[in-house]
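Here's the structure, in structure tokens; my notes come after.
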Amino acid sequence: MEKGFFIVFEGPDRSGKSTQAALLKAWLEENGFDVILTREPGGTALSEQVRKILLDPNGKVSPLAELFLFSASRSQHTAEIIKPAIAAGKIVISDRFTLSTEAYQGYGRGLPLDEIQTINNIASESIQPDLTILFDIPEQEFEKRMRAEETKNGTDRFESEHLDFRSKIHKAYKDFAQRKGIKKIDASKSIDDIRKEVLRLVKEIIIK
Ligand code: TYD
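Numbering (the working numbering), first residue to last: 6 to 213.
Here it is as structure tokens:
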């Protein structure tokens with residue numbers, strides 16, 4: 006049996022990647038491909054439990070504990086879902102993977118990037134996506150959204166911390182977009198334009 010493909014969607018919160026991941030799955034299935042759509046943190050029973058801990062707004066988690074929880078979730082996800090599905094010839098689409106940890110725990114929380122990369126390699130058993138599609142929010146659009154939030158919520162300490170974190174994540178994905186092999190998509194375009202662009206990129210790797 007032929008080896009499958011591993012496609013990762015990356016980008017900041019609310020960049021529209023989850024909608025596009027679902028549209029891609031539907032298209033691939035209509036065209037006869039066997040597809041698994043999964044997400045991080047999540048994708049397995051253990052990882053969904055970890056997801057609950059991580060996304061609980063009242064939970065207290067240190068940056069380092071957060072890194073290890075995301076990594077534990079990834080390790081289970083890789084071993085239980087991603088690797089077996091690729092080996093069985095399926096197309097795996099994951100909504101977020103290792104770049105999210107570099108962005109959120111590295112740029113966002115300030116943990117050292119080289120250490121995160123090492124832990125990412127261990128947790129993901131060094132598997133590399135065949136395609137990473139990065140949803141990029143263009144600078145002007147990002148500033149517009151930030152100003153709209155400031156006006157809506159004011160800038161108390163909590164809000165300005167939140168906006169500061171968002172800027173760090175934005176910067177992270179700007180930097181990653183320059184890396185070799187990463188395909189950037191303009192997330193401010195229409196759903197249909199983005200869908201077509203995603204399909205074009207995916208066809209390049211699956212149809213030879
Ligand atoms: P989720 O509700 O799935 O957001 P999204 O739809 O934007 O993916 O929440 C996932 C959150 O977890 C998101 O804010 C990014 C964050 N995250 C990390 O901080 N580190 C990681 O390694 C991963 C995979 C996600």
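Glycine residues also receive a C-beta, built at the ideal position from the N, C-alpha and C atoms.
**Asked** Would you say residue 45 touches the ligand TYD, meaning its beta carbon is less than 7 Å from a heavy atom?
**Response** yes
Exercise. Answer yes or no: do residue 168 and residue 110 have a C-beta to C-beta separation smaller than 8 Å?
Key: no
Would residue 139 and residue 210 be called neighbours here (beta carbons separated by less than 8 Å)? no
Exercise for review: Counting only the same chain and skipping the five closest in sequence on each side, list residues whose C-beta sits under 7 Å from that of residue 53.
Suggested key: 47
Proximal residues to residue 45 (C-beta, below 8 Å), its chain only, five neighbours per side dropped:
52, 75, 78, 79, 82, 99, 100, 101, 102 and 105
Quiz prompt | C-alpha distance - residue 162 paired with residue 200, whole-angstrom precision | solution = 38 Å
Got a sec: does the ligand TYD put a non-hydrogen atom nearer than 7 Å to the Cβ of residue 106? yes
Where residue 180 falls: helix, strand or coil (DSSP): helix
Heavy atom of the ligand TYD within 7 Å of residue 172 beta-carbon: no
task = Report, in whole angstroms, the separation of the C-beta atoms of residue 3 and residue 112, which I expect to be a contact under 8 Å.
result = Absent from the structure is residue 3, since the part of the chain shown begins at 6 and ends at 213.
- [ ] Give a single yes or no on whether residue 101 has its beta carbon closer than 7 Å to a heavy atom of the ligand TYD.
- [x] yes
According to DSSP, residues forming a beta bridge with residue 141: 191
Which of the three DSSP states, helix, strand or coil, is assigned to residue 291? The chain is shown from 6 up to 213; residue 291 falls before or after that span and cannot be answered.
(message) Taking the alpha carbon of residue 29 as the reference point, which residue from 17, 8 and 42 has its own alpha carbon closest?
(response) 42
Q. Going by beta carbon distance, what residues of the same chain come within less than 6 Å of residue 12, once the five residues before and after it are set aside?
A. 98 and 136
query: With respect to 7 Å, is the separation between the Cβ of residue 169 and the closest non-hydrogen atom of the ligand TYD below this value?
result: no
_Are there any heavy atoms of the ligand MN lying less than 7 Å away from the beta-carbon of residue 141, as far as the coordinates show?_
Within the structure as shown, the ligand MN is missing, the only ligands being the ligand TYD.
Touching or not, the stretch 115-128 and the stretch 16-32, by the rule of three or more beta carbon pairs under 8 Å? no
| said: Less than 8 Å between CB atoms is the rule here; does residue 52 satisfy it with respect to chain D? | reply: As a matter of chain content, chain D is missing from the structure shown, which is built from one protein chain.
Quiz item: Does DSSP classify residue 116 as helix, strand or coil?
Solution: coil
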